[in-house]
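Those letters in the sequence shown? Residues 148 to 483, by the working numbering.
The beta-carbon is built from N, C-alpha and C at its ideal position, and this holds for glycine as well.
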Amino acid sequence: MRRAIILAAFAAVLGLPAAASAADLVFTSWGGTTQDAQKAAWADKFAGQSGINVLQDGPTDYGKIKAMVEAGSTTWDVVDVEGDYAVQAGKAGLLEPLDFTIIDKSRLDPRFVTDHSVGSFYYSFVIGCAKDAVGACPKTWADLFDTAKFPGKRAFYKWSAPGVIEAALLADGVAADKLYPLDLDRAFKKLDTIKGDIVWWTSGAQSQQLLASAEAPFGSFWNGRLTALAQTGVNVETSWDQNITAADSLVVPKGSKNKEAAMKFIALATSAEGQKDIAVATGYAPTNLDSPALMDEAVRKTLPDAQTASQINADMNYWAENRDAIGERWYAWQAQ
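Shown next, in the form of structure tokens:
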């Protein structure tokens, strides 16, 4: 429940996990299968190579990052955050600048690199469909918003984030290169046409459950969740038409006591091998441009970086500048 966590922004209790010591590195992410994969692909290998114990914490909480930094009591060293937040937090002075003498950014996808962040992985919002539950599957965003041609419930991400608003505008005929600045009035008018047919998902696991049970036999999903669901035997169809990309990013909160170790951890995580491992484990795309060559062709074909023909990059800078205002309107609309 990323956005619920983000919006809470409560006064967090500032303290290291119980087992931490000054020599430990604390890695914080969103929990679930993604953090499990990050632990196996990055944390365990980094600990083995460096001798530095890596403790897991989470879930990521933007309010807690702000509280830690402002109190001068930062206890998280590397944090997985959303890409638009990374841009916003960097400008707000909440993050350490990354040391690119340690982190090699020369082979990292420049879409996901800033002075204060590098891509953790990137994913696409795609159209997913439970083929056995319906007569036909939607192929385009316009199809997904067409309740006459495709009756039934459709699943969408609940929290204010890149993806759903862009999909609504694309469904309404806005050209991909004319999306930004987002026409919110037009987007919400289009969303109103299907509001009664939307089932909101708050986590990747919930999105899979909605599709597998056919409670919502189609909708907008993170691509990796559809790949994983198909591997369980569910007959899933994925449409990559105008897939909308966004990324998670790795950052170091201002005041980290283990900055050098944090930079080395990020160097390993964003290496060709580290990004290959996380991509294979999650179905999300690597941000290291050399990683695809290390993968089996069958895996590569399922990742967003192999689906670029009509791919649309969500504008992280736009979202960073407007995320609070969009969120306020988004949640007010949902509550109506």
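Cut-off 7 angstroms between Cβ atoms - residues of its own chain near residue i, not counting five sequence neighbours on either side
i	result
Gly371	Tyr270, Thr429, Gly430 and Tyr431
Lys252	Val260 and Val265
Val449	This sequence places Thr at residue 449; Val is not what is there. Answer for Thr449: Thr374 and Gly430, listed in chain order.
Ala352	Gly179
Leu376	Gln355, Leu358, Ala359 and Val383
Gly240	Lys401
Check: residue i C-beta below 6 angstroms from any heavy atom of the ligand FAD
i	result
Gly219	As presented, the structure is devoid of all ligands, the ligand FAD included, so that no description of it is given.
With 16 other Cβ atoms within 10 Å as the buried cut-off, status of residue i
i	result
Ile425	buried
Ala414	buried
Ala363	buried
Ala482	exposed
Trp348	buried
Ser386	buried
Glu243	buried
Gly282	exposed
Gly230	buried
Ser354	buried
Thr417	buried
Same chain, Cβ closer than 6 angstroms to residue i, neighbours up to 5 away in sequence not counted
i	result
Asp224	Leu172, Val173, Ser403, Asn405 and Ala409
Asp437	Arg254 and Ala419
Lys300	Asp344, Val346 and Ala363
Nearest-angstrom Cβ-Cβ length linking residue i and residue j, presumed shorter than 8 angstroms
i	j	result
Ala465	Pro328	Per the sequence presented here, residue 465 reads as Tyr, with Ala not at that position. Confirmed, Cβ separation roughly 6 angstroms.
Leu291	Phe365	7 angstroms
Ala461	Pro257	With a Cβ gap of about 15 angstroms, Ala461 and Pro257 do not count as contacting.
Phe272	Ala314	7 angstroms
Leu317	Gln389	6 angstroms
Phe268	Pro433	7 angstroms
Gln203	Ala467	So it is not a contact: roughly 27 angstroms between Cβ atoms.
Neighbourhood of residue i by C-beta distance below 8 angstroms, restricted to the same chain and skipping five residues each side
i	result
Ser307	Arg150, Arg470, Ile473, Gly474, Trp477 and Tyr478
Proximity to residue i [Cα-Cα], best of the options
i	options	result
Thr180	Phe193, Ile199, Val216 and Gly205	Gly205
Val381	Asp332, Thr248 and Leu358	Leu358
Asp246	Trp480, Lys411 and Ala482	Lys411
Ser176	Val201, Ala194, Val228 and Thr294	Val228
Asp262	Phe268, Ala283, Gly282 and Gly237	Gly237
Thr248	Glu407, Gly320, Asp319 and Ala361	Glu407
Ile212	Asn200, Val226, Pro285 and Val201	Val226
Q. Is the region 335-351 in contact with the region 275-283, if contact means three or more CB pairs nearer than 8 angstroms?
A. no
Q: Take every Cβ of the region 208-222, pair it with every Cβ of the region 389-402, and state whether three or more of those distances are shorter than 8 angstroms.
A: yes
Q) Looking at C-beta atoms only, is the number of pairs between the region 387-398 and the region 330-339 that lie closer than 8 angstroms three or more? A) no
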